[in-house]
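When you line the sequence shown up against mature numbering (1 follows the signal peptide of the UniProt record, and there is no 0), it's residues -17 to -1, 1 to 99, in that order.
From the three backbone atoms N, C-alpha and C, an ideal C-beta is built for every residue, glycine too.
Values in this document were obtained by computation on a predicted structure and should not be read as measured data.
Accompanying notes for the structure given below.
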Amino acid sequence: MRLAAVALALLAGPAGASEVRIVDARAVPGPQGWRIDVTLRHDDTGWDHYADTWEVRLRDGTVLGTRKLLHPHVTEQPFTRSLPRVAIPEGVREVVIHARDLQSGWSSDTFLLVLP
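Next up, the structure:
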């Protein structure tokens, strides 16, 4: 019984850990591609646990752009960061935003961004 409890605790992940939540996203067309603005919320606790990346993907999973987040945002929640010059193929009308953090990995929460 004790072994089962330990296994369950390990599967549950770090105490208090939560996935990154994508609060909002916006696409702005420009002469050199699209600027994608993404607003995230995450319970950043410091350098060991913070939202560190978000990506712009096609529905089939093809990555169009990656935005690395280089530091925790412990006191700035939610926060918005941009990725300029994203090349979105002609005819594509929507992209999917994915986000991750250092401990939980890629969040199950995604954001379907319909292009204007």
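Q) How is THR93 classed by DSSP in three states: helix, strand or coil? A) As a first step, residue 93 is located in the sequence shown; it is residue number 110 there, counting from the start. Reduced to three states, the DSSP call for THR93 is coil.
Q. So, helix, strand or coil for TRP17, using DSSP?
A. For this step, residue 17 is matched to residue 34 along the sequence shown. Note: TRP17 maps to strand in three-state DSSP.
Q: Spell out a yes or no on whether the segment 82 to 94 and the segment 62 to 72 are touching, meaning 3 or more CB-CB pairs, one atom from each, closer than 8 Å.
A: no
Q. Given that a residue counts as buried once 16 or more other Cβ atoms are within 10 Å of its Cβ, and exposed if not, what is GLU77?
A. Along the sequence shown, read from residue 1 onward, the residue named residue 77 stands at position 94. So GLU77 ends up on the exposed side.
(Q) Which residue marks the beginning of the beta strand (DSSP E) containing TRP37, and which one marks its end? (A) Position 54 of the sequence shown, counted from the start, is the residue given in the question as residue 37. 34 to 40 is the extent of the beta strand (DSSP E) around TRP37.
Q: Have a look at ASP31 and VAL11 and give me their C-alpha separation to the nearest angstrom.
A: As a first step, residue 31 must be located in the sequence shown, where it is residue number 48. As a first step, residue 11 must be located in the sequence shown, where it is residue number 28. Distance between the alpha carbons of ASP31 and VAL11 is about 33 Å.
Q. Measuring CB to CB, does GLY16 end up less than 8 Å from ARG68?
A. Translated into the one-based positions of the sequence shown, residue 16 becomes position 33. Translated into the one-based positions of the sequence shown, residue 68 becomes position 85. Yes. Within cutoff.
Q: Return the residue from the list LEU66, LEU95, SER1 that minimises the CA-CA distance to ARG24.
A: Numbered from 1 along the sequence shown, position 41 holds the residue referred to as residue 24. Comparing Cα-Cα distances from ARG24 to each of LEU66, LEU95, SER1, the minimum goes to SER1.
Q: Could you tell me the boundaries of the beta strand (DSSP E) in which GLY74 lies?
A: Counting from one through the sequence shown, the residue named residue 74 turns up at place 91. Neither: GLY74 is in no beta strand (DSSP E) and is coded neither H nor E.
Q) Going by Cα to Cα distance, which pick from PRO99, SER65, VAL97, TRP89 is closest to ARG4? A) Taking the first residue of the sequence shown as 1, we reach residue 4 at position 21. Of the candidates PRO99, SER65, VAL97, TRP89, the one whose C-alpha sits nearest the C-alpha of ARG4 is TRP89.
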